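Let me begin by presenting the structure, written as structure tokens, before commenting on it.
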Amino acid sequence: MRRSQVKVLLCVLMLSLLTSSAAFANQTVTVWAWDPAFNLYAMEEAAKIYAEINPDVTINIVETPWDDIQTRLTTAVMAGQTGTLPDIMLIQDNALMKNVIDFPHVFADLTDSGIDFSQFADFKVSLTSVDGRNYAVPFDNGAAINALRVDVLHEAGYELEDFKDITWSEYIEMGKDILAKTGKPLHSIVAESPDLIMAGLQSAGTWMFDENGDVFIANNDVLKEVIEVYVELVNTGIMVQVNDWEQYITSFNRGTVAGTINGCWIIGSIVLPEEQKGLWGVTNMPRLERSPNATNYSSQGGSSWTVRADSPNKDAAIDFLAHTFAGSVELYETILPSSGALATYLPAGDSAAYSIPHEFFGGQAIYAEITDYASRVPQVKYGVYNYEARDAIGVAIAQVLAGRDIDSALMEAEETVRFLMEF
């Protein structure tokens, strides 16, 4: 390339950057998200990267629990005050479709925004799309992991390998032995939370709705088996129920329990206590036994970034996401070691960072393993009324633990969801 051509190219590039900067000068993009160790950390690092591209835009990050986001979103729409909402909201994938359908004018259609959605994993794009239109920038991979304290396992005479590719029955038997020898339950869960139930369902390729979107709860044999496992985990003391999310995180940070089963995003919370460095390991989750499609792989959680359609800062918000979560391998390489944020942005998945040994997990190359897990997760359709069904299952769990039979509890749950769908 001639020197004159290089000069012209540089001038065009500089003009483009200056034009972009001028277009978004002195704007503040407000973001709502939850989880300081994961989502907020990722957003903070994204803000640093974007500051190098456009220093005139301020990214204002506000920690907001997911339940509060959903409540504030609904309240703002009902009151006709969407201006009270932020420019960017993190939305859980299993709630995104219903929110877009219920509130079609709140979320910006990003299909023609210039963001290349072909650069993201297909399953993630499908979760963030409605009627073939893209309404969110995909973020994290929620592949499920069974994270365990290997020092506790060793104390009881076990190795991490003993927990690989096992059934729930095997998990429970080893868990009872470990509890007897060490006094530590294997893991904890927020009381009557349906999260583990959801992971169990997906691990066997089924959900609370069938392929036609009809409620599939009362006669769902996989769901019954998962609840039976849940009840046995609680009754044997292998799984401890806690009151809230903070107590859940504290339970493994302080070593009250010997591990946790959750989406891989939980790594951001696991690595908080420095003194536990080298004491953890990761393997896949246990599988069901009666289900013909049972696997040791599932997904739990996962979320994506949406932009408010009527935001005066919409273009700046989209530009920010395009240059970071939808365009920066550097961002994903930065946040991976500390937060466990596995990318669904495909170019980042090819990074050498994924094969680097993790010292907190005893030198295990956990991200390469989890990427393999993600490729094996059975895909399910969450359905529009996913959250209503989750809540109904949460009530059913509490009823069964209090002594009610599973069949009648699930029948009531199904009737509740059907009523809400017809309301």
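Our numbering applies: residue 1 is where the sequence shown begins, and numbers increase by one.
Virtual Cβ for every residue (Gly too), placed ideally from N, Cα, C.
Owing to the predicted nature of the structure, the values given are computational and were not obtained by experimental measurement.
Are the beta-carbon atoms of residue i and residue j separated by less than 8 Å?
i, j, result
"Arg-308", "Asp-151", "no"
"Ser-339", "Ile-267", "yes"
"Ile-197", "Val-417", "no"
"Leu-342", "Asp-122", "no"
"Thr-71", "Thr-28", "no"
"Ile-249", "Ser-269", "yes"
"Ala-136", "Trp-305", "yes"
"Thr-334", "Phe-120", "no"
"Ala-143", "Val-329", "no"
"Ala-199", "Gln-300", "yes"
"Glu-232", "Ile-172", "yes"
"Arg-155", "Lys-181", "It is worth fixing the name first, because residue 155 is Glu in this sequence and not Arg. Yes, the pair counts as a contact, with Cβ atoms nearer than the cut-off."
"Val-234", "Leu-201", "no"
"Thr-82", "Val-62", "no"
"Ala-258", "Leu-148", "yes"
"Ile-115", "Pro-286", "no"
"Met-43", "Ala-33", "yes"
"Leu-85", "Thr-128", "no"
"Lys-314", "Ala-47", "no"
"Ile-406", "Val-400", "yes"
"Leu-272", "Asn-243", "no"
Our contact map puts residue i next to residue j with C-beta atoms below 8 Å; I'd like the distance itself, whole angstroms only.
i, j, result
"Ser-303", "Asp-93", "6 Å"
"Leu-331", "Ile-49", "6 Å"
"Ala-413", "Ala-396", "4 Å"
"Leu-90", "Asn-39", "6 Å"
"Pro-104", "Val-125", "Not really, about 19 Å apart at Cβ, beyond 8 Å."
"Val-229", "Trp-168", "5 Å"
Less than 6 Å between C-beta atoms, sequence neighbours within five positions excluded: which residues of the same chain meet that for residue i?
i, result
"Asn-60", "Thr-28 and Thr-30"
"Asn-336", "As written in the sequence, residue 336 is Leu, which differs from the Asn given in the question. For Leu-336, where only same-chain residues beyond five positions count, the Cβ hits under 6 Å are Ala-353."
"Ser-21", "Per-residue confidence for Ser-21 stands at a pLDDT of 47, beneath the threshold of 50, marking its modelled position as unreliable; no derived number is given."
"Gly-132", "none"
"Phe-117", "Val-125 and Asn-134"
"Leu-443", "Nothing in the structure corresponds to residue 443, since the chain is present only between 1 and 423."
"Arg-390", "Pro-194"
Closer than 7 Å by C-beta to residue i: which residues in its own chain qualify, once you throw out the five before and the five after it? Chain order, please.
i, result
"Ser-311", "Asp-87 and Ala-317"
"Leu-420", "Tyr-385 and Glu-388"
"Phe-361", "Trp-280, Gly-281 and Val-282"
"Trp-66", "Trp-34 and Gln-92"
"Glu-369", "Val-282"
"Thr-371", "Leu-342, Gly-349 and Tyr-354"
"Met-411", "Ala-218"
At a Cβ threshold of 8 Å, is residue i touching chain B?
i, result
"Glu-52", "Absence of chain B from the displayed structure is noted, only one protein chain being present."
If you drop the 5 nearest sequence neighbours on each side, which residues of the same chain put their C-beta closer than 8 Å to that of residue i?
i, result
"Glu-359", "Lys-277 and Gly-278"
"Glu-289", "Thr-167, Trp-168, Ser-169 and Glu-225"
Could you tell me whether the segment 203-221 touches the segment 286-297, using the rule of 3 or more Cβ pairs below 8 Å?
Enough Cβ pairs lie closer than 8 Å, so yes.
Can at least three beta-carbon pairs, one atom from the segment 267-286 and one from the segment 69-83, be found at a separation below 8 Å?
No, they do not touch.
Specify whether the segment 176-191 and the segment 362-382 touch according to this definition: at least 3 beta carbon pairs, one from each stretch, less than 8 Å apart.
Touching, no.
Whole beta strand (DSSP E) elements within the segment 227-271, 3-residue minimum
Entirely contained in the segment 227-271, the beta strand (DSSP E) runs reaching 3 residues are, in chain order, 239-242 and 259-263.
Would you say the segment 174-188 touches the segment 355-366, given that touching needs at least three Cβ pairs under 8 Å?
They do not touch, by the three-pair rule.
Stretch-stretch touch, CB-based, cutoff 8 Å, three pairs: the segment 222-231 with the segment 314-328:
Fewer than three Cβ pairs drawn from the segment 222-231 and the segment 314-328 lie within less than 8 Å of each other, which leaves the two stretches out of contact.
Three CB pairs or more closer than 8 Å across the segment 226-245 and the segment 172-180
Result yes; three or more Cβ-Cβ pairs closer than 8 Å.
Just to confirm the assignment: which complete alpha helix (DSSP H) runs, minimum length 4, are found wholly within the segment 344-422?
Correct list: 346-349, 366-375, 386-401 and 406-422.
Just to confirm the assignment: which complete alpha helix (DSSP H) runs, minimum length 4, are found wholly within the segment 150-237?
Listed in chain order, the complete alpha helix (DSSP H) runs (minimum 4 residues) inside the segment 150-237 are 150-155, 168-182, 195-203 and 221-236.
At 4 residues or longer, what runs of the alpha helix (DSSP H) sit wholly inside the segment 87-135?
You should have 93-102 and 122-127.
Threshold first: 3 residues or longer. Then list the beta strand (DSSP E) segments lying entirely within the segment 294-320, N to C.
Correct list: 303-307.
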